[in-house]
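Just below is one structure, and these are the notes that go with it.
2 protein chains.
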Amino acid sequence: MKCRVCKAPALVKFPAHNAAFCEEHLDAFFLRQVAHTVKKYRLLPPEARVVVALSGGKDSLVTALVLKRLGYRVEGFFIDLGITEGNFSPASRQACEEFCAAHEIPLKVFSLHEEFGRTVPEIARRYPRLCAICGMTKRHIMNEYTLKTGAHALATGHTLDDMAAALFANLLRWDLHYLAKGLPVLPAEDGFAKKIKPLALQSEEEIIAFARLHGIKPVEARCPWAAEAKFKRYKAMFNSLEEKSPGLKRAFYEGYTKNVHRFQEETTRPPLVTCKVCGLPAAASPCTFCRIWRNAIKEDAIPAVT
Amino acid sequence: MKCRVCKAPALVKFPAHNAAFCEEHLDAFFLRQVAHTVKKYRLLPPEARVVVALSGGKDSLVTALVLKRLGYRVEGFFIDLGITEGNFSPASRQACEEFCAAHEIPLKVFSLHEEFGRTVPEIARRYPRLCAICGMTKRHIMNEYTLKTGAHALATGHTLDDMAAALFANLLRWDLHYLAKGLPVLPAEDGFAKKIKPLALQSEEEIIAFARLHGIKPVEARCPWAAEAKFKRYKAMFNSLEEKSPGLKRAFYEGYTKNVHRFQEETTRPPLVTCKVCGLPAAASPCTFCRIWRNAIKEDAIPAVT
Chain R
22 MKCRVCKAPA LVKFPAHNAA FCEEHLDAFF LRQVAHTVKK YRLLPPEARV
72 VVALSGGKDS LVTALVLKRL GYRVEGFFID LGITEGNFSP ASRQACEEFC
122 AAHEIPLKVF SLHEEFGRTV PEIARRYPRL CAICGMTKRH IMNEYTLKTG
172 AHALATGHTL DDMAAALFAN LLRWDLHYLA KGLPVLPAED GFAKKIKPLA
222 LQSEEEIIAF ARLHGIKPVE ARCPWAAEAK FKRYKAMFNS LEEKSPGLKR
272 AFYEGYTKNV HRFQEETTRP PLVTCKVCGL PAAASPCTFC RIWRNAIKED
322 AIPAVT
Chain S
22 MKCRVCKAPA LVKFPAHNAA FCEEHLDAFF LRQVAHTVKK YRLLPPEARV
72 VVALSGGKDS LVTALVLKRL GYRVEGFFID LGITEGNFSP ASRQACEEFC
122 AAHEIPLKVF SLHEEFGRTV PEIARRYPRL CAICGMTKRH IMNEYTLKTG
172 AHALATGHTL DDMAAALFAN LLRWDLHYLA KGLPVLPAED GFAKKIKPLA
222 LQSEEEIIAF ARLHGIKPVE ARCPWAAEAK FKRYKAMFNS LEEKSPGLKR
272 AFYEGYTKNV HRFQEETTRP PLVTCKVCGL PAAASPCTFC RIWRNAIKED
322 AIPAVT
């Protein structure tokens, strides 16, 4: 197995690209691939300032590193959810801090406990659909923070495996709302920061190879509350299909990006109001986030007698 | 496990419908389901004459029986491909003959050997892509025959499992040509008989239960040349997803039927000519069928010196 570029012994082989690479050319290949995604989907203008949502996992750390290597002004952003079970939040935070120190990336840590005096496990007692609440919480904070900093965009570490599995899930249900917005870029709108997914065309195996190459040490703890069985099943399914047909995941997702307009025609979004607490667009005021975390009381609700 | 209708002990359980049935009400349920498909997609007007393509397998035999039970004038049509390996064609023919005799359905047998003095295995020596040639051959003969009889439509035994697997395959490649025509009905066009798939919403397990109920004995031999590994893999994949989420296959395919217009806008078909031999529309004249089976010589081809 020889490097496609220099014919030296190869370190990794990517069947989807019908190619193998040595250390040096794996690095160049990965950078070139992401640069191509950034250009093709207009994720970032040259030297833009970008907030990268860091979880401590390999995908988000690689996103930060590759964007920095491509010349963007990267700022890491970590939300400390306060999940101490299995040392999840502390270990994740430490992985981000060590990574950012090693790569000279400024890191902003946003602690739910410090900001709101409460953590996700504390919220869990009142809200049974915890993963949904936690996801909403993270999205709200990341959006609010990115808008405040004035950065060009918020980048997340979604991979090709994530995109293909989500696309499949949305096609299974023909969920037009999500099928309309599955590109690697979601443009900025009033009250919504631009969202970008620079690794949307890179498979997990490519990302793992790049992370290893650069000695990235992602957090090993997994969220003790995580319940994504369905999503994991779809990912495993695609990986078994990919084994028989290398390149299948990428062709599936890229084919979608060329056909996304088919799902966008009639996208009607329910009209949004402005949350009187945070000032951001929401389905109702106060928004769910402010009701949960900022103790905002629903205007038409009678406070419960406690 | 009790029958949903009469509370008698149930014979079968269909998790996708969250229902179980006794013999009597399984029959009624299956008929009602297919009648609903026929009505919803306008497959057939009342008492229409319909040619059912019979292979000897359970799906096509059940298609014929259920359409007859629903009051349509059914004519069976079997193409004897002359595949004697594993007794495939003779056993398939016998299954059709016995089925049609038992259910008083007229049967037309079309023998390649009798009509053209050649069989599929004989053709195989010259044409390597045999499954493609055989499929084209059957489609051509069924279409030509249906047009000749003046029947309202040609019915095939495609099941929900077939439709979901084909839809997935076409979405993986974003094959717009096929994504535009995946409904249970393909309307008649000049030179093309109307094609219908009455079992497009029934799963294999429902069809097997109905076949057993009526003592249908499908052929057990499988085509020794068959090479549908990919398709089988997709079917197995959907069945494993279905186990976790009953009704998933049907929701996926029905969701598609509601969204098929998204793939139909720009369908541009290459212009067709009329085959000077069979008189039917084709990409070139003579058409591939007439060149292979009727020894028609390509006008712009120089006959090979033999």
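Chains as they are written, first to last, in the numbering used here: chain R, 22 to 327; chain S, 22 to 327. No residue lacks a Cβ here, since even glycine has one placed at the ideal position from N, Cα and C.
Item                                                                                                                                       : Value
Coarse secondary structure for valine 298 of chain R, derived from DSSP in three states                                                    : coil
Cross-chain neighbours of alanine 257 of chain R in chain S, by beta carbon under 9 Å                                                      : Simply none; closest approach about 10 Å.
Pair within 8 Å by beta-carbon distance, alanine 272 of chain R and arginine 194 of chain S                                                : yes
Reduced DSSP secondary structure (H/G/I, E/B, other) of lysine 216 of chain R                                                              : strand
With 16 other Cβ atoms within 10 Å as the buried cut-off, status of aspartate 211 of chain R                                               : exposed
DSSP three-state assignment for alanine 40 of chain S, whether helix, strand or coil                                                       : strand
Selection of the region 192-213 of chain R by Cβ proximity to chain S, strictly under 7 Å                                                  : Leu192, Leu193, Arg194, Trp195
Short CB-CB distance (under 8 Å) between leucine 5 of chain R and chain S                                                                  : With chain R represented from 22 up to 327, any question about residue 5 of chain R goes unanswered, as that position is not in the structure.
Cross-chain neighbours of tyrosine 277 of chain R in chain S, by beta carbon under 9 Å                                                     : Leu192, Trp195
Chain S contact for phenylalanine 51 of chain R (CB, 8 Å cutoff)                                                                           : no
One or two residues paired with alanine 174 of chain R in a DSSP bridge                                                                    : R:Val71
The region 72-88 of chain S contacting the region 215-231 of chain S, beta-carbon criterion three pairs below 8 Å                          : yes
Leucine 100 of chain S - DSSP class collapsed to helix/strand/coil                                                                         : Leucine is not the amino acid found at residue 100 of chain S; the sequence shown has isoleucine there. Strand, per DSSP.
9 Å Cβ cut-off: residues of chain C touching phenylalanine 252 of chain R                                                                  : The question asks about chain C, but that chain is absent: this structure's protein chains are R and S.
Span separating the alpha-carbon of valine 298 of chain S from that of valine 141 of chain S                                               : 21 Å
Min CB distance asparagine 280 of chain S to chain R below 8 Å                                                                             : yes
Whole-angstrom C-beta distance between serine 224 of chain R and aspartate 183 of chain R, which should lie under 8 Å                      : Not really, about 10 Å apart at Cβ, beyond 8 Å.
Test: phenylalanine 120 of chain R CB closer than 8 Å to a CB of chain S                                                                   : no
Which of helix, strand or coil DSSP assigns to serine 76 of chain R                                                                        : coil
Cut-off 8 Å between Cβ atoms - residues of its own chain near alanine 201 of chain R, not counting five sequence neighbours on either side : Val281, Phe284, Gln285, Thr288
Where cysteine 244 of chain R falls, given that 16 or more other Cβ within 10 Å makes a residue buried                                     : buried
Below-8 Å beta-carbon distance, alanine 272 of chain R vs any chain S residue                                                              : yes
Segments assigned alpha helix (DSSP H), at least 4 residues, entirely inside the region 178-253 of chain R                                 : 181-194, 197-200, 225-234
Chain R within 8 Å of phenylalanine 284 of chain S, Cβ atoms only                                                                          : yes
Simplified DSSP state of proline 142 of chain R, which is helix, strand or coil                                                            : helix
C-beta contact flag for leucine 151 of chain S and glycine 103 of chain S at 8 Å                                                           : no
8 Å contact criterion, which valine 55 of chain R and alanine 172 of chain R should meet: CB distance rounded                              : Contact flag wrong, Cβ pair sits at about 18 Å.
Given histidine 46 of chain R as reference, the closest of R:Asp196, R:Glu275, R:Phe231 once Cα atoms are compared                         : R:Phe231
For serine 331 of chain S: DSSP bridge partner residues                                                                                    : Only positions 22 to 327 of chain S appear in the structure, and residue 331 of chain S is not among them; the question remains open.
Valine 294 of chain R to histidine 198 of chain R span [Cα, whole Å]                                                                       : 19 Å
C-alpha distance - alanine 317 of chain R paired with lysine 89 of chain R, whole-angstrom precision                                       : 39 Å
Closest residue to isoleucine 228 of chain R among R:Val33, R:Arg25, R:Thr158 (Cα-Cα distance)                                             : R:Val33
For proline 30 of chain S: DSSP bridge partner residues                                                                                    : S:Lys23
Local conformation of arginine 150 of chain S per DSSP, three classes                                                                      : coil
Boundaries of the alpha helix (DSSP H) in which serine 113 of chain R is found, first to last residue                                      : 109-123
Cβ pair glycine 77 of chain S, valine 206 of chain S closer than 8 Å                                                                       : no
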